[in-house]
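Right, one structure below, let's go through it.
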Amino acid sequence: MEKFLAQIQKIPLAQKVAFLIFVIAGLVVGHYFLIYSGQVKQIKKLDRQIKKLDDERQEKQEIAANLNTFMKMVDFLQQKLAEKNKNLPEDANMDQLLKILNELSVKSDVRIVKFVPQAEVRRNFYAEIPVVMELEGNYHEVLTFFDAIGMQDRIINISNIKMTDPKLVNGKIVLKVVCQAKTFRMLKESELGGKPAGKRGRGRRRK
Numbered sequence: 003m004e005k006f007l008a009q010i011q012k013i014p015l016a017q018k019v020a021f022l023i024f025v026i027a028g029l030v031v032g033h034y035f036l037i038y039s040g041q042v043k044q045i046k047k048l049d050r051q052i053k054k055l056d057d058e059r060q061e062k063q064e065i066a067a068n069l070n071t072f073m074k075m076v077d078f079l080q081q082k083l084a085e086k087n088k089n090l091p092e093d094a095n096m097d098q099l100l101k102i103l104n105e106l107s108v109k110s111d112v113r114i115v116k117f118v119p120q121a122e123v124r125r126n127f128y129a130e131i132p133v134v135m136e137l138e139g140n141y142h143e144v145l146t147f148f149d150a151i152g153m154q155d156r157i158i159n160i161s162n163i164k165m166t167d168p169k170l171v172n173g174k175i176v177l178k179v180v181c182q183a184k185t186f187r188m189l190k191e192s193e194l195g196g197k198p199a200g201k202r203g204r205g206r207r208r209k
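In structure tokens, the structure reads:
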């Protein structure tokens, strides 16, 4: 041991310093490869996992945002469909139409004498449903009745108005009014296709 120490003492200082630097460098390199490099790999792995989780989170947030937008769009379309069905139902619903007109006539002091549905007339995607009505009331009451009809959700057009036979009843002039009320309905898918049918049951073949 003493001989070994004596030999070391004989080594020049510059060589001792170089050897010490070499040993320290070896320890640093060994530490890097044995410990630090492993930690770096682990950190990079964790970074990749974190990025993956963050991407998944953002993707789910985008899906949730798109889902909310989609649901709002569905609600909007359902509201529009409900409005369309009020304006242009798929069924004639003549009983409902008569009920609406009766309620409006009572409020307007107009009496519905006749309510006669006519043959349906089909167009490209809808059908016209004409109804001949005979009413009794004075001029102002009849106009109020027609105005109330025009404010309904369901489309009801009044045309071909004829006012005749004025009579004095309870101090007011009552008129006989004949008119056509025309409402509409949307054709069902099974009814679409081909050319418009025109008036059903009214066509005649020419000879």
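Just so you know, we're using our numbering here: the sequence shown kicks off at 3 and counts up by one. All residues carry an ideal CB built from backbone N, CA and C; glycine is no exception.
Comparing alpha-carbon positions, which option in the options lies nearest residue i?
{"i": "Met165", "options": "Asp97, Ile175, Ile158", "result": "Ile175"}
{"i": "Thr185", "options": "Val118, Ile45, Leu170, Ser192", "result": "Val118"}
{"i": "Leu145", "options": "Val115, Lys46, Val179, Ile131", "result": "Val179"}
{"i": "Tyr128", "options": "Phe147, Leu55, Ile52, Ile157", "result": "Ile157"}
{"i": "Asn162", "options": "Cys181, Gly152, Ile151, Leu177", "result": "Cys181"}
{"i": "Asp149", "options": "Ala183, Ile131, Leu177", "result": "Ala183"}
{"i": "Val133", "options": "Asn126, Arg125, Ala121", "result": "Ala121"}
{"i": "Ile131", "options": "Asn172, Lys109, Asn95, Ile151", "result": "Asn95"}
{"i": "Arg187", "options": "Leu177, Asn159, Arg113, Gly173", "result": "Asn159"}
Opposite residue i in the DSSP bridges: which residues?
{"i": "Met165", "result": "Val179"}
{"i": "Lys190", "result": "Per DSSP, none; premise fails for Lys190."}
{"i": "Lys184", "result": "Pro132, Asn159"}
{"i": "Leu145", "result": "Bridge partners of Leu145: none, in fact."}
{"i": "Lys47", "result": "According to DSSP, Lys47 bridges with nothing at all."}
{"i": "Leu170", "result": "Ile175"}
Alpha carbon to alpha carbon, how far is residue j from residue i? Give it in angstroms, no decimals.
{"i": "Asp167", "j": "Asp93", "result": "36 Å"}
{"i": "Gly139", "j": "Leu170", "result": "11 Å"}
{"i": "Lys47", "j": "Leu55", "result": "12 Å"}
{"i": "Ala199", "j": "Lys190", "result": "Bear in mind that a pLDDT of 47 at Ala199, under 50, signals an unreliable position, so the model cannot answer this."}
{"i": "Asp210", "j": "Asn68", "result": "Nothing can be reported for residue 210: it is not among the residues displayed for the chain, which extend from 3 to 209."}
{"i": "Ile45", "j": "Ala66", "result": "31 Å"}
{"i": "Ser107", "j": "Ser192", "result": "36 Å"}
{"i": "Lys116", "j": "Leu99", "result": "14 Å"}
{"i": "Lys43", "j": "Ile26", "result": "24 Å"}
{"i": "Leu194", "j": "Leu90", "result": "15 Å"}
{"i": "Phe147", "j": "Tyr141", "result": "10 Å"}
{"i": "Asp111", "j": "Glu143", "result": "6 Å"}
{"i": "Gln135", "j": "Met153", "result": "The residue asked about is misnamed: residue 135 is Met in this sequence, not Gln. Rounded to whole angstroms, Met135 to Met153 spans 19 Å at the Cα level."}
{"i": "Ile151", "j": "Leu103", "result": "7 Å"}
{"i": "Gln63", "j": "Asp57", "result": "10 Å"}
{"i": "Arg59", "j": "Asn70", "result": "16 Å"}
{"i": "Asp49", "j": "Ile23", "result": "35 Å"}
{"i": "Glu61", "j": "Asp155", "result": "44 Å"}
{"i": "Arg124", "j": "Asn172", "result": "44 Å"}
{"i": "Lys101", "j": "Leu177", "result": "23 Å"}
{"i": "Leu137", "j": "Lys109", "result": "14 Å"}
For a minimum of 4 consecutive residues, which ranges assigned as the alpha helix (DSSP H) are wholly contained in the region 87 to 143? 96 to 110
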